[in-house]
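Working notes, beginning with the structure itself.
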Amino acid sequence: MTEEIKRNRTHTAISYLILLVLVLIFIAIIIKQKHYYVPTSPISQKSEPASPKTQFWLSEQLFGIDFKPANEIETYNADNLYEKIDGKADLYLQNGFVSLQCRRYASNSSQEDWAEVYVYDMAKAKNAFAVYSGQMRSRKQLLGWTQFGYKTSDSIYTAAGNYYFEIILSSDSNGLLLTAESAAKRLVDLALKEPFEPFAIHFFPTDNLVTNSFKLIRKDAFGCAEMENIFSAAYSVNGNSLTAFIADTQDGSSAQALFAKYHGFLIENGGTELPHNIDMPGSKAVELFGTTDILFQCKNFFAGVRGSAPIEDLTKLAISFKNSLKNDTK
Amino acid sequence: MTQNKISRRDFIVRCTKAGFSAAAAAALAGWLYESDPAKLSVQFDNIVDVMNYSTPSVAGKTMSIVIGPGRQTTVTKAVELLGGMERFVKPGENVLLKPNVGFAMPPRVCATTHPDLIAQVTKLCYQAGAKKVFIADNPINDPKSCFELTQIASAAQKNGAEILLPRQDYFKPITLKGAELITNWQILYEPLKKVDKVIGLAIVKDHKRSIASMSMKNWYGMLGGNRSIFHQDIDKIIVELAMLIKPTLVILDGTQVMVSNGPTGGSESDLKQANTMIASCDQVAADSFGASLLDLKPQDLPYLVKAEKLGLGTTDYQSLKPLYAQVTGAG
Amino acid sequence: MKLTTARRISQVFFFALFIWLCAVTTVGEKFWQQRGWSVNFFLNLDPLGAIGTVLSTHKLYAPLLWSLITIILTILIGRFFCGLVCPFGALHQFVSHFAHGKKTAKLISLHKYHKAQNIKYYILIILLVIAGLGGSSSLMIGLLDPIPLFTRSVNLLILPIIGTSTKITAINRFYQTSLLTLTVFLTFVLLNFYKPRFFCLFICPLGALFGLINRFAILRINRNLSNCTNCKLCNSHCQGSCEPAETIKLSECLVCFNCLDDCKDNAVDFNTAKSETIQVSPDLSRRGFIAAAFTGLLTLPALRLAGASYKDSNLIRPPGALPENEFIKRCLKCGQCMRLCPTNVIQPAGLEAGLENLWTPVMNNRIGSSGCQLNCVACGYICPTAAIRPLTLAEKLGKGDFGTKGPVKIGTAFVDRSKCLPWAYGIPCLVCQENCPVSPKAIYTQPDDDKTLLRPYVDPQRCIGCGICQHECPVGSKGAIIVTPDGQSRENKFFL
């Protein structure tokens, strides 16, 4: 009988041992499944953290108390920008893009309301303006409180300092748009606190300037093939529209060269040279098909004023422009 | 109730056997353990440098051009001008003749090297004391048919040369140092290994893709595998082949030149009687001169320009001071 | 607690674990998705996969080292894997239980040992010879090894059917070659009606392997002759048909412990005792061994004689697949990559490229949700033998350290101008160009002669063969932009 008991005991022991092993395997598997690597999420292989200051801009409080961040801040640099914005990356990469940081904010109350904020560090104010003006949407409303900014029914776009901001909203609810605009204001303030190099836009005289009429003409400005990267602004003087423009030339000799080219272009196409204005030595004035161009060079810039308007108005604006350039630039 | 207990000795034996097997399994596993997954790209261990069969150069005796209607007399003269076959082939050496046997076509079509030329060059080699003359090529059409229909097989047999048909085991995957295309590619290696000297026997033909097919294009017949893909960069492959094999001598037969519908031709009207035989230690120079037989300049052939840039020869054949001669007599 | 109880619990546990691990093999972070679940648990424990790849590649890929545990335990205590762990075996045992009655006399004759049980050893030898055949070897073990076989049947057949019919999955998954998968699976399951655990007894090469190495088992089934009354009851539920009532065939014992329960005289036990009535080695004859080896030597060259090899078929392998002759040495045909692939584009090949390539992964761009996603490296991540190399995204996309090497290309797209809408009919389209995921795009456009519409062109230098264009193409059948295996970066071909 004892043999049988001994046998049963042995069997029981082995059985429990087997069960123990099963339990251990189970526990090991449960522990293992917690530590994982999801193979399909985008991985930035060489992501340097972007300027730490922008980490603070995309703070918990950016959208106010009714919203909170829905994810961690994502950072992208030139290598992997396309992973976030695909084909649109080219525009940024061609304009000195440094980094993108973005974050989503979700409403505490309503599940359908969320916003995604994009902070593009473009290194220079000029670049930020280039990407801002290079993809302006139609059906927009200009923002009154900033130099470069507009909104649509479900998004806000603004450039300030060296940065370009986009806020994309999940719906066109008015409340959401207002909250987003406040957030945009905060971001613009933060961006303007940083030093940035003023570029051509900032030298346009402000009198009679039509608000937010800045344009960057990439090529063939005013019909001339060599006129590339021309900033222009519209003015309204005594009921007439005038355009002031400035070319983004880097040094005196290229400014001079472009001056000569454009001048030559106007004359070749049948323009008439007008007499010099005494107050503007070195300037030239040409009239062609009803439009008069006053061209001048100031330091490294080639600039001008054009329009179908009385020569006095044009001259006044040109002088004002030249002075502004003389004073504000180095 | 007696238990059939195991004796201690048997138990130990059993445990030892089990233990040893387990340990052996573990040891084998440890020895073969590999934590890194296999890489995507294959590492090549078959890298070769240039296969150099050339002899020391002699100034003024690099290139010869002989005019005459008979292949056998012109080639004899051409080789004689360069110092005779004794300069190139030493007694007891094995020689490989590499003709163009690309197509299964009769000699009168002139799409392949003429059997008379094969016969004469073989004779010259044996006269110089060669131990054995081999003939090899990897044709486009069926190899056996090619060697027979072109009558190269019978020319070889009549003069004691041995044909090496391109068997599967004659090919070896080779990577040429510094090459982009000849990487792990099947090359007709065995015939090259067997011999001390290599002589190319090419003809002058019009070619749509490479513009012309002459002594440098002739080495295409050393390629195996799916070589038609190299037509996508024909100039590079021709240059790399010239980097791979530096022949002792090339003989470029311009007696009857295929000026149209190359490289297969097929009609008498495709041929022009140019009666020119070229022998050269510099195949770039040979082709540069051969181009003129097709009314082309060396600059019209991109592979010549590339080859010259890489120092494989010169397109300015005049600078080599080629030796000219004229012989009469058919044969 | 009886040993049979523990064994049953163990079988249920491992069976449930197996099904669960197959079910969670989907991309995602929820607990019912991939996460860190060790979905290759059984494949890693399977020593046949390890031995097969060792023979074909002369290396033991790290995760397969787990199978050493199985081997060592089998050496020490016999075929515990067959009796307690193998989920396929558990399935067979379960089906057999319902397939046959309870009458004892019938059961005893049902579980008689049959000499043909040595066929599985010959099958094992054939498969190992094929795997070890030098430079051009091929891993055909996955065809009959129960773990890959069952994994494949569950992944490519059972789970998709359940998913589609119960609508658990949001999108229906499709797997071609399903009839073949069904036939093989169902045949083995239904054969249990003829003989219990038919597969385990006659076919299973893994069981054969265990049967060869358990001869020194320290613990084993023993029949105590002095207690035994020769009632033959211990044969009535013997899963391995190893006949404990007569000469116990140790190589066939599946460690199911049923004989312990059936014996009324406490004569059968599982211990270290030395039994007089035991036959340790399987019924293998030297002649049989030679015949099997010979068959193995002939089989692979015979298969390749047909010339219907990978090269000539339009087989496109997943990104990260090793060069073909290395790939075919490692692929277990387990179907994990096909199950995990988020777009369902990886499909099991049929017989179009020969038996060698049956159930190996190939891309079928017209099936599934999208062609091969650009930012996905799931398939290599899960492959148990790294036949598909586990790529990092950087390696797959050719970024960072892999910038000079460039992206992994699995093929090239060709526009069929005789079918493409803008080309053949002057109808505007360009869905392919829109969806091309690489930047800059590999599909560019040029206006036609009238400058009225744009027509697509493929830039072969940029195209990675992902097949999204082919998937999106509105033209039916294979589409009007077709990906072929040309220009793959893993084969050293030049397609300029």
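Residue numbers (the working numbering), protein chains in the order written: chain Z, 3 to 332; chain G, 20 to 350; chain F, 11 to 506.
In this text, a Cβ means the ideal position worked out from N, Cα and C, and glycines have one as well.
C-alpha gap between residue i and residue j, whole angstroms
i, j, result
"Leu368(G)", "Phe337(F)", "There is simply no residue 368(G) to check, as chain G begins at 20 and stops at 350 in what is shown."
"Gly151(Z)", "Cys226(Z)", "29 Å"
"Ala287(Z)", "Asp295(Z)", "6 Å"
"Lys62(F)", "Gly142(F)", "Residue identity differs from the one stated: residue 62(F) is Gly in this sequence, not Lys. Looking at the two C-alpha atoms, the distance is approximately 8 Å."
"Thr309(F)", "Ser146(F)", "13 Å"
"Tyr237(Z)", "Glu289(Z)", "19 Å"
"Gln137(Z)", "Ala80(Z)", "19 Å"
"Ile232(Z)", "Asn324(F)", "54 Å"
"Ser66(F)", "Lys70(Z)", "56 Å"
"Ile29(Z)", "Cys32(F)", "18 Å"
"Ser234(G)", "Ile257(G)", "10 Å"
"Thr283(G)", "Ser256(Z)", "60 Å"
"Thr293(Z)", "Gly309(Z)", "5 Å"
"Leu19(Z)", "Gly46(F)", "27 Å"
"Ala125(Z)", "Leu93(Z)", "14 Å"
"Glu228(Z)", "Val448(F)", "33 Å"
"Ser326(Z)", "His204(Z)", "9 Å"
"Leu294(F)", "Ile79(F)", "26 Å"
"Gly152(F)", "Asn367(F)", "11 Å"
"Asn71(F)", "Glu444(F)", "The amino acid at residue 71(F) is misidentified as Asn; the sequence shows Tyr. Taking the straight line joining both Cα atoms gives about 41 Å."
"Thr81(G)", "Ser229(G)", "25 Å"
"Ser49(Z)", "Tyr78(Z)", "Interpretation of Ser49(Z) is limited by its pLDDT of 39, a score under 50 that renders its predicted location unreliable; no figure is taken from the coordinates."
"Asp407(F)", "Leu144(Z)", "A small fix is needed here, since residue 407(F) is Leu in this sequence, not Asp. If you take the alpha carbons of Leu407(F) and Leu144(Z), they lie about 40 Å apart."
"Asn302(Z)", "Gln258(Z)", "8 Å"
"Phe203(F)", "Leu440(F)", "57 Å"
"Thr154(Z)", "Gly163(Z)", "22 Å"
"Asp156(Z)", "Ser215(Z)", "22 Å"
"Gly103(G)", "Ala175(G)", "21 Å"
"Ala15(Z)", "Lys8(Z)", "10 Å"
"Arg246(G)", "Thr202(G)", "12 Å"
Closer than 6 Å: residue i CB and nearest the ligand ADP heavy atom
i, result
"Ile321(Z)", "Absence of the ligand ADP from the depicted structure is noted, as is the absence of any ligand whatsoever, leaving it without description."
Nearest to residue i (by Cα), restricted to the options the options
i, options, result
"Asp281(Z)", "Ala262(Z), Phe261(Z), Ala320(Z) and Leu260(Z)", "Ala320(Z)"
"Asp496(F)", "Val22(F), Glu482(F) and Gly475(F)", "Gly475(F)"
"Ile85(F)", "Gln346(F), Leu260(F), Ala331(F) and Val468(F)", "Leu260(F)"
"Glu286(F)", "Ile172(F), Asn232(F) and Ser449(F)", "Asn232(F)"
"Phe267(Z)", "Phe304(Z), Glu74(Z), Phe224(Z) and Ser215(Z)", "Phe224(Z)"
"Ile81(F)", "Ile66(G), Asn119(G), Glu181(G) and Ala46(G)", "Ala46(G)"
"Phe91(F)", "Cys214(F), Pro254(F), Ala452(F) and Ala303(F)", "Cys214(F)"
"Ile10(F)", "Leu166(F), Thr455(F) and Thr305(F)", "With chain F covering only 11 through 506, there is no way to say anything about residue 10(F)."
"Gly332(G)", "Ala42(G), Val32(G) and Phe308(G)", "Phe308(G)"
"Phe299(F)", "Val22(F), Leu137(F), His110(F) and Ala109(F)", "Leu137(F)"
"Gln149(Z)", "Thr213(Z), Arg188(Z) and Tyr165(Z)", "Thr213(Z)"
"Asp254(G)", "Leu290(G), Gln275(G), Trp238(G) and Pro321(G)", "Pro321(G)"
"Cys340(Z)", "Gly273(Z), Pro312(Z), Gln252(Z) and Arg188(Z)", "Residue 340(Z) is absent from the model: chain Z starts at 3 and stops at 332."
"Asp458(F)", "Pro438(F), Cys442(F), Lys451(F) and Cys446(F)", "Pro438(F)"
"Thr245(Z)", "Val190(Z), Phe261(Z), Thr208(Z) and Ala262(Z)", "Thr208(Z)"
"Gln127(F)", "Leu74(F), Thr187(F), Ile140(F) and Gly221(F)", "Gly221(F)"
Whole-angstrom C-beta distance between residue j and residue i, which should lie under 8 Å
i, j, result
"Ala277(F)", "Cys238(F)", "4 Å"
Q) Taking any Cβ of chain F, which residues in the stretch 7–24 of chain Z have a Cβ under 8 Å from it, in chain order? A) Arg9, Thr12, His13, Thr14, Ile16, Ser17, Tyr18, Ile20, Leu21 and Leu24
Q) What residue ranges within the stretch 127–214 of chain F form continuous alpha helix (DSSP H) runs of no fewer than 4 residues, ordered along the chain? A) 129–141, 156–163, 169–176 and 188–200
Q) Mind pulling the beta strand (DSSP E) runs of 3 or more residues that sit fully within the stretch 37–90 of chain G? A) 82–86
Q | Near-chain Z residues of the stretch 38–52 of chain F - C-beta to any C-beta below 8 Å | A | Gly38, Glu39, Phe41, Gln44, Arg45, Gly46, Trp47, Ser48 and Phe51
Q. Taking a cut of 8 Å between CB atoms, which residues from the stretch 81–105 of chain G lie near chain F?
A. none
Q: Below 8 Å between beta carbons is the criterion; list the residues of the stretch 226–259 of chain F that meet it against any residue of chain G, in chain order.
A: Phe226, Ala227, Ile228, Asn232, Asn234, Leu235, Ser236 and Asn237
Q) Of all the alpha helix (DSSP H) runs that stay within the bounds of the stretch 59–99 of chain Z, which reach a length of 4 or more residues? A) 83–87 and 91–95
Q: Please list the segments of the beta strand (DSSP E) lying wholly inside the stretch 207–256 of chain Z, counting only runs of 3 or more residues, in order along the chain.
A: 217–219, 232–239 and 242–249
Q: Kindly provide the ranges of any beta strand (DSSP E) runs that are 3 or more residues long and lie completely inside the stretch 105–162 of chain G, ordered along the chain.
A: 113–118 and 151–155
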